[in-house]
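Numbering (this note's numbering), first residue to last: 95 to 1009. Even glycine gets a Cβ: it sits at the ideal position worked out from N, Cα and C.
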Amino acid sequence: MEKTYNPELIEQKYRDLWEKGDHFSSGANSSSKDSFSIVLPPPNVTGSLHMGHAFQHTIMDVYTRYNRSKGNQTLWQPGTDHAGIATQMVVERQLSLENISRHDLGREKFTEKVWEWKSKSGGTISSQMRRLGTSVDWNRERFTMDESLSLAVRKVFIELYNEGLIYRGKRLVNWDPELLTAVSDLEVISKEESGYLWHIKYQVDNSDKTLVVATTRPETMLGDSAVAVHPDDQRYQHLVGQFINLPLSNRKIPIIADDYVDMEFGTGCVKITPAHDFNDYEIGQRHGLEIINVLTNDAKINSNAPSKYQDLDRFEARKIIVADLEKQNLIDKIDSHMLMVPRGDRTNSIIEPYMTDQWFVKVKPLADPAIDAVKNGSIRFVPENWEKTYFNWMENIEDWCISRQIWWGHRIPAWYDKDGNYFVADSLEDAQIQAGKNIELTQDDDVLDTWFSSALWPFSTLGWPEETTELSRFYPTSVLVTGFDIIFFWVARMIMFGLKFTGDVPFRDIYITGLIKDGNGQKMSKSKGNVLDPIDLIDGINLEELLEKRTQGMMQPKLAEKIKNQTKKEFPNGIPSFGTDAIRFTFTALASFGRDIKFDLKRVEGYRNFCNKLWNASRFVLMNLESKKIDDNAELSNQDKWILSRLQHLKIQVQKYLSDYRLDLMSQALYEFVWHDYCDWYLEFSKPLLENSQTKDGCELTLIKVLNETLILLHPIIPFITEEIFEQSQKIQSKSNDKLISQPFPESQDELFDDNAEVEINWLKDFILGIRKIRGEMNISPKKPLPCFIKNFSIQDKGFINSNTLTLSTIAKLDSIDLLSLDDEEDESAIALVGEMKILIPLAGLIDKRAEQERLNKEIEKLLKLKSQFSAKLGNEKFVNGAPEEVVRNEKEKLASTESTLNDLEQQLKKISNL
RNA sequence: GGGCGCUUAGCUCAGUUGGGAGAGCAUCGCCCUUACAAGGCGAGGGUCACAAGUUCAAGUCUUGUAGCGCCCA
């Protein structure tokens, strides 16, 4: 083996090898009883791999690789999402550099351009995934706009339409005036922003009275159709039924009563603008008010308003309207006000409630079974508290607006005749049959919300509506791994559509991961300039490039400066290269529940060191075993039995933690076993064992067996380094060229659990630790061999000493071990205890007497504290009577052993102090 | 306003039927001991946010308070 661990070389080697060797294929293990499947949440084709992806992909890969090694037929289904709005925006932005708009090209040419762009740069994320080692079945890669998936989309649309679950209607929708499309509720982000509350005086018709209405959007008054007051409001009751002279528009509008009005807020009078506010729309419906739309689709004032304001942008109009009102002395006052401003999640422009014709999914009938599926346990959220979030949303769900006025996506399968009649069909031919011959039909211009096709992903990728073998083998999928941010967008809709169209849930478990944040707990975002690119953690990046990357395309130079300073402070030397395995280990180690993850480079460094440790340990093993014949029937020492027993415990733990979705605990268990049990203890034990012809064969057998099995256990987390070590290991044993990735999972072997060996080795470790402690605290060089005397030993102690003399003298560097009888007088010594047994190291010029006194005092103090705790507890009658017998007995034992140790140490202290 | 988290060692975090507070990193000693200095050996460090309650026993259960964060309206 190479002397140093070099992740770059190793990773390069296996990336291709696995894929070319067909090791990711879902066709393997096809005769097995069980199957396992995961669908990859399809990333946007526009996207590149970010930390969240890398994190979730690592988790999915762990499960995929694990299940493969368990012998299950395993599919990890990859693919990408066409991401309608996002992708269209990317391509439009590129065209705009050449001063071309999509309208210049026309629909057909434009979509061609998008396809062109997709084939050119849509593969970024796939190649980045390959760097991570994600073992998806690349041969089955799908795209949401593939023909077969589009067919599924049309089928679902048509069936829902035929059942009345999709309808077309003129409704108030969320309108993005920049994109010129409707968007769904979920695509609107409302945030509190500071603004004003304008109090406007409305004059009551045929009266000198005025009512004051307060609004945050004065320009909408052009579309007012009423003023509303609360029916119980004493102040205004008498005015209900009268009219207002609406300023600026010269219209009369009624005063109505509706209990939606909050008497306490403002003056208790509210202007009602049904065309431009969702609540006002409801009130308008209740009272049969006129719906007066005063905006164009790009949010300018339209021809329904007085000519003075027509064609003004909505914000421009606001200013002029306020000025005009002031001129007429109709502004009562203007207050500063915090208000919720709805913005489009893509454009960040302010969303308008806007009357348009759109397609909707009637969601309630779909939501009910989807709620049941979680309630009755067919689907399980992990961690389960997310089900509350799910229920909360599902129980209050509104109809889903699915049409988008853009070009990139699945075109709605509906055709119109000249009179506006429409025919929903799979193709123009089918629509024509419905419409009758010689009727001219044109297809709906709109496309479907991207999430409509995503909702079908778990079954459309498996060939639905065809009854494919994949579908019956892999559906429902085993687990969905995703973030909480798309529970509504995606997860809920998959459940609804899955149940509706396959009659079964799309997945059994939903593992909701935490969010990866930066080292300061901030959400990573491009605008904050705190984004880490997983590829940079793998390859490393120098400071200049990192600065460049983080400030690229920054509009504000000030912000760029700030980001540069932050970055310089956090990464003064850039980011070193850690390799993929270290990153993956970090992700699994951080994957605990209920918490966002502050990503800490120090952790990555630690796990890179772990890889290095594993590398070196393997090197030690393989160097010692090179060209040796392993005797599978060799006799095992207690050290061998011990590590094998520990390994069986580990296997149980690994599987339990996997089934609990506790990859953090799984990683920790593996880390501890490899570093502390195997390297710190067993490899040290092996050194004397290998020197002794009696124990050599057993040790060699154990070294390689434990190494190989541990590699399989580690492989799902750190596939590259383990594959490489395994290859080396196969080579020196002249074994076949099998790949680790397809080695069967080593099930725990009952006959290898060995309590006796564990007792003995724990004794041995305590002995060695006792000596090391004396050395450490007395600053005795580890090289200096020490004489050692044993007193007050049991028969078992004596047996252990005899069978471990060589190990003890080698590892604890003892040049003699002599047993003293109880009445033998020992020299002035430092002491260590293993149970009742005393280990004595003569001071004899080596150890300072005062240092040993201090050490003993410190130890005694600790024990006294413990002792008083225990005796207080046992002195409490309530405890002795109330606690279970076993607990009391346990406590008594602890007290006794503390007292005995204390007694020994006090005696020893007295002894050396008197000399 | 409703809901969900979080608060444990200097830092990042584990702690799953309530029973003597843990890890990694950082810190302080000693050591370049032939697998590993990306390392070895040893040490120090915590009124588990606060308050009350349940209990023989609370980091763990209940309630309340404070701070931080997220989601929904």
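E699 sits in a helix when the DSSP states are folded into three classes. Closest by C-alpha distance to D848, out of E955, P838, V982, L730, is L730.
Distance from S923 to L934 at the Cβ level is roughly 4 Å; contact confirmed, criterion being Cβ atoms closer than 8 Å.
If only complete runs of 3 or more residues are kept, the segment 589-671 shows the beta strand (DSSP E) at 601-607, in order along the chain.
With a minimum length of 4 residues, the unbroken runs of alpha helix (DSSP H) contained wholly in the segment 295-381 fall at 372-381. By the neighbour-count criterion, in which a residue is buried when 16 or more other Cβ atoms sit within 10 angstroms of its Cβ, H504 is buried. When the Cα atoms are used, W736 and A851 turn out to be separated by approximately 5 Å.
In the assembly as shown, H324 is a buried residue. Its beta-carbon has 16 or more other beta-carbons within 10 Å. P137 sits buried, since 16 or more C-beta atoms from the chains shown fall within 10 Å of its C-beta. Nearest in C-alpha terms to K295, of all of I445, K421, V250, M357, is K421. A distance below 9 Å separates the beta carbons of L316 and N398. For the pair T181 and L708, the Cα-to-Cα distance works out to about 44 Å. Comparing alpha carbon positions, the residue from S163, R109, N161, L169 closest to T563 is L169.
In the DSSP assignment, G438 forms a beta bridge with V282. In the displayed model, N268 falls within a strand according to three-state DSSP.
Scanning its chain for C-beta atoms nearer than 6 Å, with the 5 sequence neighbours on each side dropped, one finds around D690 the residues G608, L609, K611, in chain order. In terms of Cα proximity to G227, the closest of G939, I826, I677, L795 is I677. Residue pairing by DSSP puts P936 in a beta bridge opposite S923. P879 counts as exposed, since fewer than 16 other beta carbons sit within 10 angstroms of its beta carbon.
L957 is positioned such that its CB atom lies no closer than 9 Å to that of L902. CA-to-CA, the gap between D128 and S753 works out to about 15 Å. In the three-state reduction of the DSSP assignment, S572 falls in the strand class, which pools E and B. Residue state for H293 is assigned as strand, using DSSP reduced to three classes. Where P459 is concerned, there is no enclosing beta strand (DSSP E), although the alpha helix (DSSP H) around it starts and stops at 458-469. Rounded to the nearest whole angstrom, the C-alpha separation of E206 and M239 is 13 Å. Rounded to the nearest whole angstrom, the CA to CA distance from G976 to I283 is 57 Å. Per DSSP, reduced to three states, the secondary structure at Q837 is coil, with no helix or strand assignment.
Going by C-alpha positions, L631 is about 45 Å away from A728.
Straight-line spacing of the CA atoms in I219 and I819 works out to 29 Å. Going by DSSP, F130 is part of the beta strand (DSSP E) stretching over 129-133. Straight through space, the alpha carbons of F130 and S566 are spaced by roughly 12 Å. In the three-state reduction of the DSSP assignment, D524 falls in the helix class. Per DSSP, D690 is not a residue of any beta strand (DSSP E), being assigned neither H nor E.
By the Cβ test, the segment 661-668 is not in contact with the segment 582-599, since fewer than three Cβ pairs between them sit closer than 8 Å.
Here A180 carries a helix assignment [DSSP, helix/strand/coil].
The segment 783-797 and the segment 708-719 touch, with no fewer than 3 CB-CB distances between them shorter than 8 Å.
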